[in-house]
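Here the structure is laid out as structure tokens; the discussion comes afterwards.
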Amino acid sequence: MNHDPQPPENLSQAILQAGIELEPERLELLDRYRAALWRWNEQLNLTRHTTFEKFVARDVVDSLELGKLLEQGERVLDIGTGGGVPGLILAICRPDLKVKVCESTQKKARVVQAIVEELQLPVEVFACRSEEVLELRTFDTLVARAVASLSKILVWVEPHWTAFDRLLLIKGQRWPEERGEARHRGLLKGRQLRKAATYLTPGTEAESVILSVVPADSDLGT
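Numbering (the working numbering) for the sequence shown: 1 to 222.
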């Protein structure tokens, strides 16, 4: 007999089914973000995760797994935030972090800015490419999900390694191919790449990883 749980009817149920614990005020703010994201999504393609189950299994889980690798008070830049993942979810669930996000697609950047203002999040939104931000600001960690291949991201940030300490990238099962391409192109020369985390997407057997890239002489890679 099939005893699969019923699809969750709200965010609290979805969070519970995924085995995640959040403080009530974090959960409430996260639900407000989810509602705003889905509302804006009707006008602009921001996300395909438009069920409570998918929102939690993909957006929330990815962001929380990333958060486990961030130290208290880190300065974080989400490059290519899209509709705000993982940056805004990190800011909601880890208020100790100093989160900034950038998005070069102007329409999306304006939506993220509107959501930040609606939720009164202490997040600065840059409506430009990450390279432009890195010319002006410094960060502890850059984070990204579903933005571009490892090679493309390494090319973007190559001139700016003095502006940040490490890169954390959420990737799917094809990450070894991306690593191979980056090595072939010489983009990992002078860099350490390691798998910082591995986890399964709830409700599936899909494995995700978080890759860490740091300068070869950095003690962050150990």
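Think of the CB as a built atom: it goes at the ideal place given N, C-alpha and C, for glycine as much as any other residue.
Buried versus exposed, by CB contacts within 10 Å (16 or more), residue i
i, result
"residue 194", "exposed"
"residue 238", "Because the chain in this structure spans residues 1 to 222, residue 238 falls outside the shown range and cannot be described."
"residue 177", "exposed"
"residue 37", "buried"
"residue 162", "exposed"
"residue 86", "buried"
"residue 206", "exposed"
"residue 3", "Reliability of the predicted coordinates at residue 3 is poor, the pLDDT of 49 falling under 50, and no value is obtained from them."
"residue 223", "Here the chain comprises residues numbered 1 to 222, so residue 223 is not present and cannot be evaluated."
"residue 219", "exposed"
"residue 185", "exposed"
"residue 216", "exposed"
"residue 1", "Reliability of the predicted coordinates at residue 1 is poor, the pLDDT of 41 falling under 50, and the value obtained from them is presented with this limitation in mind. Classification of residue 1: exposed, given that the 10 Å Cβ count is below 16."
"residue 65", "buried"
"residue 29", "buried"
"residue 34", "buried"
Beta-carbon gap between residue i and residue j smaller than 9 Å
i, j, result
"residue 149", "residue 128", "no"
"residue 208", "residue 200", "yes"
"residue 50", "residue 7", "no"
"residue 73", "residue 144", "no"
"residue 226", "residue 22", "Only positions 1 to 222 of the chain appear in this structure, which leaves residue 226 out of reach."
"residue 301", "residue 32", "The requested residue 301 is not part of the displayed model; the chain covers only 1 to 222."
"residue 134", "residue 77", "yes"
"residue 89", "residue 40", "no"
"residue 17", "residue 202", "yes"
"residue 57", "residue 204", "yes"
"residue 100", "residue 139", "yes"
"residue 130", "residue 187", "no"
"residue 67", "residue 27", "no"
DSSP bridge partner residues for residue i (one or two, in chain order)
i, result
"residue 144", "169"
"residue 236", "The chain is shown from 1 up to 222; residue 236 falls before or after that span and cannot be answered."
"residue 152", "DSSP output for residue 152 lists no bridge partner at all."
"residue 101", "78 and 125"
Contact test: residue i Cβ vs the ligand GTP heavy atom, cutoff 8 Å
i, result
"residue 108", "With respect to the ligand GTP, the structure offers nothing, as it holds no ligand at all."
What residue ranges within the stretch 13-89 form continuous alpha helix (DSSP H) runs of no fewer than 4 residues, ordered along the chain? 24-41 and 61-67
Any alpha helix (DSSP H) of 4 or more consecutive residues that is wholly inside the stretch 169-208: 175-184
Stretch pair the stretch 35-54 + the stretch 107-114: three plus CB contacts closer than 8 Å: yes
Quick check: the stretch 166-180 against the stretch 117-124, are at least 3 beta-carbon pairs closer than 8 Å? no
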